[in-house]
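Before any comments, here is the structure.
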Amino acid sequence: MEGPTPVSALIHAATLVTAGIFIIARTNRIWGCSVYARTILLWVGAVTSLMRSSMGLVQNEVKRVLACSTCSQ
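Convert by adding 16 to the 1-based position in the sequence shown; the result is the number in the working numbering.
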């Protein structure tokens, strides 16, 4: 995410994290009905978490470390 740090923090906190929670809540019927879909969602989340936390360990810029840390949550 490019831009000044205060703007990046505001956009990230206000929209990106909330949008992810909203999308999961809105598509709950899809994930709740299919065991296969839940398994895919679980694996995608696990791989994303491990990959982004590993990438955060080698970053030099604070904004990139923060972004990787948030993605790994």
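C-beta: ideal position from N, C-alpha, C; glycine also.
I need the boundaries of the alpha helix (DSSP H) containing residue i, first residue and last residue.
{"i": "N44", "result": "N44 to C49"}
{"i": "L82", "result": "V78 to S88"}
With a threshold of 16 other CB atoms inside 10 Å of the CB of residue i, please say whether the residue is buried or exposed.
{"i": "A83", "result": "buried"}
Helix or strand or just coil, what does DSSP make of residue i?
{"i": "P20", "result": "coil"}
{"i": "V60", "result": "helix"}
{"i": "V33", "result": "helix"}
What do you reckon, are the CB atoms on residue i and residue j nearer than 8 Å?
{"i": "V81", "j": "Q89", "result": "no"}
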